[in-house]
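> Got a structure for you, questions after.
Protein chains in written order, with my numbering: chain A, 26 to 392; chain B, 26 to 392.
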């Protein structure tokens with residue numbers, strides 16, 4: 026493990042643009058934010074980014090590695106994001122492709138509190154079999170309607186029944202009403218079936234309201250929540266983990282604009298590294314072949330960042346969704362392995378009886 | 026004012042892609058997130074987006090307008106962002122170009138608490154003259170060093186002296202130490218000069234720490250703070266306004282990836298509409314001709330969204346920065362008008378004595 030935070034960039038240089046100027050510009054822009062001649066020598070050495078590698082990879086494409094002192098992060102995920110891409114998001118041709126994490130930052134941020142093994146324990150799904158997840162929708166439904174759906178999904182054996190990420194605190198199903206109704210419904214189904222289904226309410230909210238939503242979820246008996254980190258902050262994951270003991274499923278809402286080929290952050294960095302390091306136990310991403318545009322290679326890269334060795338952090342569960350269907354689910358589990366959560370929404374609804382649809386899904390997955 | 030939230034999209038359709046399918050797909054994806062045939066009729070009518078206009082504008086370019094029920098927002102900025110661009114951020118060729126706001130949402134979110142006139146009152150700058158701002162840096166400097174800089178900038182007459190947005194809670198200058206030292210320094214300078222300089226500390230932090238940073242800033246006597254909404258949430262602006270009575274200068278860190286020509290959110294929508302509606306009194310953006318890439322047209326569009334009529338909300342101050350220099354500042358004020366904050370960092374530092382540099386700036390601006 027490096028002592029520094031080593032960040033890999035793929036630079037796309039316009040005609041006449043110097044790759045070295047561009048790389049050195051990043052190292053200054055993201056740290057001291059002054060021309061080098063205005064920066065005291067000791068600060069330039071210790072706090073500006075240090076260009077460690079610059080190599081041409083293809084016509085107009087260069088790889089750069091810049092090392093940053095972990096102290097620049099100041100122990101905060103907000104500042105980590107700023108250091109990675111704050112000001113340079115406003116420039117062009119800079120793709121942050123990978124991070125080599127120093128152990129000190131991994132230890133500090135802590136990663137998943139529950140992880141794949143913990144989710145298996147919560148849902149009573151033994152190792153070697155995939156987990157299943159679905160979403161309660163559509164927005165506009167009343168709390169009792171959503172609770173009835175939750176009951177029927179749970180009877181069918183879906184392991185994690187989450188709110189759709191667009192269901193927040195709308196007047197048709199306010200958070201508090203929905204929480205009570207859906208949690209009671211899932212508990213009732215578990216009592217009847219002997220199953221271990223879990224309801225994960227969407228707790229995404231403002232900093233002022235987030236703590237009360239998380240406390241309410243815990244107090245209602247929920248063991249986990251859904252959070253959209255790009256809406257309510259990466260730190261919301263750690264808050265749920267540390268202060269409320271909740272597992273967290275992270276949703277990628279609003280992240281898509283970073284995933285451009287020549288500028289941004291790679292999907293595996295955001296939905297893999299960052300979500301896991303910040304505390305996600307499961308990370309939802311749009312599976313290839315669905316209604317979004319990730320390649321299979323990207324999906325596998327996300328899986329690798331969520332489950333591969335990372336300084337002793339627990340493994341997080343890849344949760345491919347977005348247009349998956351029951352028939353293709355076994356195919357994806359063969360590809361991605363059993364330590365995966367199959368997220369299927371619409372394809373269960375179109376079958377009419379969601380309990381039967383859920384049972385079909387479990388059967389298809391050998392459960 | 027419309028009763029609905031009317032969102033304008035510029036759709037870039039690939040060969041063979043139907044603009045109508047794409048537009049209807051957005052209306053469903055961002056709301057009910059199910060195929061229309063699975064959605065009860067009353068919900069489809071009242072809660073899915075309603076396509077109101079679809080017109081071809083150029084080869085492969087279409088304009089669409091979709092109306093959403095304000096209830097979908099549920100009164101929360103997190104869900105507003107999700108409704109605008111949550112899932113479709115992961116698709117292609119969708120640019121959210123403008124919003125027509127219903128009065129109900131403007132009234133609910135409230136906009137700037139202080140506004141341009143309030144910032145003038147705080148800093149004692151009469152109408153008709155521009156305000157000035159600079160940043161304390163570089164990161165890695167000790168609190169006393171930053172405080173000494175703050176003192177000297179204030180003596181020179183800079184109106185708003187903010188932390189650089191990358192200065193957070195690093196061990197070299199922890200937030201609490203820096204806050205006390207810099208605020209005392211600016212107060213001391215004001216006593217000597219009779220001026221009204223204000224120190225705006227960077228309070229950007231996790232949901233768990235944000236309230237204590239804002240409370241500390243208020244208790245130290247600060248009248249405003251710097252916040253990066255894309256790091257700590259749009260709601261952080263409202264929190265500072267409502268619970269702590271602080272003015273807010275918003276920083277665009279991490280927003281740049283949305284500003285792509287064929288996919289994303291326009292700069293005037295994010296740094297103009299959204300920041301203002303959420304409560305920013307001043308919005309920093311990278312001025313044209315500096316080290317970032319906005320066109321003058323984009324800068325003027327941001328200014329218009331910050332200062333134009335918007336359902337009775339206070340006007341927010343455009344704060345162009347990012348490579349501005351003292352010599353060109355009068356040019357920009359002639360272009361943008363006096364209700365503008367001139368943000369100059371590096372160009373003051375390179376002159377050596379920052380007090381003299383600040384005086385030169387004020388003189389150039391007719392102050």
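For each residue, glycine too, the CB sits at the ideal point set by N, CA and C. All values derive from a computational prediction rather than experimental measurement.
Answer with yes or no whether the minimum CB distance from residue 63/A to chain B is below 8 Å.
In the first chain, residue 63/A corresponds to position 38, counting from 1. Judged by the 8 Å Cβ criterion, residue 63/A is in contact with chain B.
> Is residue 251/B near residue 227/B, with beta carbons less than 8 Å apart?
Stepping through the second chain from its first residue, residue 251/B is reached at position 226. Stepping through the second chain from its first residue, residue 227/B is reached at position 202. For residue 251/B and residue 227/B, yes; Cβs fall inside 8 Å.
> Using 8 Å for Cβ pairs, my map puts residue 113/A next to residue 32/A. What's the rounded Cβ distance?
Along the first chain, one-based indexing puts residue 113/A at 88. Along the first chain, one-based indexing puts residue 32/A at 7. Their Cβ separation, rounded to whole angstroms, is 11 Å, which puts residue 113/A and residue 32/A out of contact at 8 Å.
> If you draw a straight line from the alpha carbon of residue 435/A to that of residue 108/B, how long is it in whole angstroms?
Residue 435/A is absent from the structure shown; chain A starts at 26 and stops at 392.
> In the stretch 144-174 of chain B, which residues sit with their C-beta less than 7 Å from some C-beta in chain A, listed in chain order?
162, 163, 164, 165, 166
> Near residue 46/A, which residues of its chain fall below 8 Å by C-beta distance, leaving aside the five closest residues on each side in sequence?
Here residue 46/A corresponds to residue number 21 of the first chain, with the count starting at 1. For residue 46/A, where only same-chain residues beyond five positions count, there are no Cβ hits under 8 Å.
> What does residue 30/B pair with, by DSSP beta-bridge criteria?
The sequence position of residue 30/B within the second chain is 5, counting from 1. Beta-bridge pairing links residue 30/B to 93/B.
> Assign residue 70/A to buried or exposed, taking buried as 16 or more other Cβ atoms, counted over all protein chains shown, within 10 Å of its Cβ.
Counting from 1 along the first chain, the entry for residue 70/A is found at position 45. Residue 70/A should be labelled exposed.
> Beta-carbon of residue 116/A versus every beta-carbon of chain B: anything under 8 Å?
Here the question's residue 116/A lines up with position 91 in the first chain. Closer than 8 Å to some Cβ of chain B, the Cβ of residue 116/A qualifies, so yes.
> Could you check if residue 40/A is buried or exposed, using at least 16 other CB atoms within 10 Å of its CB as the buried criterion?
On the first chain, residue 40/A is found 15 positions in, with the first residue counted as 1. Counting Cβ neighbours within 10 Å, residue 40/A comes out exposed, since fewer than 16 surround it.
> Would you say residue 278/A lies against chain B (beta-carbon separation less than 8 Å)?
On the first chain, residue 278/A is found 253 positions in, with the first residue counted as 1. At least one chain B Cβ lies under 8 Å of residue 278/A.
> For residue 72/A, go through chain B and note every residue whose CB falls closer than 9 Å to its CB, in chain order.
Within the first chain, numbered from 1, the residue matching residue 72/A stands at position 47. Near residue 72/A (Cβ distances below 9 Å), the residues of chain B are 163, 164, 165, 166, 195, 197.
> Pick out the complete beta strand (DSSP E) segments inside the stretch 229-254 of chain A, 3 residues or longer, and give them in chain order.
If we require 3 residues or more, the beta strand (DSSP E) runs fully inside the stretch 229-254 of chain A come out as 249-252.
> Verify the CB distance criterion: does residue 188/A have a CB-CB separation below 8 Å to chain B?
As a first step, residue 188/A is located in the first chain; it is residue number 163 there, counting from the start. With 8 Å as the cut-off, residue 188/A does not count as an interface residue toward chain B.
> Pairing CB atoms from the stretch 353-368 of chain A with CB atoms from the stretch 306-319 of chain A, are three or more of them under 8 Å?
yes
> Where does residue 194/A land, buried or exposed, given buried means 16+ other C-beta within 10 angstroms?
Your numbering for residue 194/A matches position 169 in the first chain. So residue 194/A ends up on the buried side.
> Cα-Cα, which of 268/A, 83/A, 223/A, 220/A is closest to residue 238/A?
Counting from 1 along the first chain, the entry for residue 238/A is found at position 213. Comparing Cα positions, the closest option is 268/A.
> Assess, as a yes-or-no matter, whether the stretch 118-134 of chain B is touched by the stretch 197-213 of chain A under the definition of 3 or more beta carbon pairs within less than 8 Å.
no
> Check residue 6/A in the structure and name its three-state DSSP category.
With chain A covering 26 to 392 only, the question about residue 6/A has no answer from this structure.
> So with Cβ pairs under 8 Å, would you call residue 288/A a contact of chain B?
Numbered from 1 along the first chain, position 263 holds the residue referred to as residue 288/A. So yes, residue 288/A belongs to the interface.
> Report the start-end ranges of each alpha helix (DSSP H) in the stretch 337-390 of chain A that is 4 residues or longer and not cut off at the edges.
354-361, 371-374, 379-389
> Using a threshold of 8 Å, state whether the C-beta atoms of residue 136/A and residue 338/A are closer than that.
Translated into positions along the first chain, residue 136/A becomes position 111. Translated into positions along the first chain, residue 338/A becomes position 313. Cβ distance < 8 Å, so residue 136/A and residue 338/A count as in contact.
> Helix, strand or coil: which one does DSSP assign to residue 327/B?
As a first step, residue 327/B is located in the second chain; it is residue number 302 there, counting from the start. Three-state DSSP puts residue 327/B in a helix.
> The alpha helix (DSSP H) spanning residue 319/A covers which residue range?
Numbered from 1 along the first chain, position 294 holds the residue referred to as residue 319/A. Run containing residue 319/A: none; DSSP gives neither H nor E here.
> Are the CB atoms of residue 191/B and residue 111/A within a distance shorter than 8 Å?
Start at 1 with the first residue of the first chain, and residue 111/A comes out as number 86. Start at 1 with the first residue of the second chain, and residue 191/B comes out as number 166. Taking a C-beta distance under 8 Å as the contact criterion, residue 111/A and residue 191/B qualify as a contact pair.
> Beta-carbon within less than 7 Å of residue 283/A's beta-carbon, same chain only, minus the 5 sequence neighbours each way: which residues are those?
Numbered from 1 along the first chain, position 258 holds the residue referred to as residue 283/A. Cβ neighbours of residue 283/A beyond the five flanking positions: 289, 290, 295.
> Which of helix, strand or coil does DSSP assign to residue 397/B?
Any answer about residue 397/B is impossible in this case: the structure gives chain B only from 26 up to 392.
> Below 8 Å on the Cβ atoms is my guess for residue 91/A versus residue 77/A; work out the distance and round it to an integer in Å.
Here the question's residue 91/A lines up with position 66 in the first chain. Here the question's residue 77/A lines up with position 52 in the first chain. Confirmed, about 7 Å.
> Using 8 Å as the Cβ pair cut-off and three pairs as the minimum, do the stretch 169-185 of chain B and the stretch 141-159 of chain B touch?
yes
> Answer yes or no: does any C-beta atom of chain B fall closer than 8 Å to that of residue 104/A?
Your numbering for residue 104/A matches position 79 in the first chain. Closer than 8 Å to some Cβ of chain B, the Cβ of residue 104/A qualifies, so yes.
> What would DSSP say about residue 202/B, mapped onto helix, strand or coil?
As a first step, residue 202/B is located in the second chain; it is residue number 177 there, counting from the start. Judged by DSSP in its simplified three-state form, residue 202/B adopts helix.
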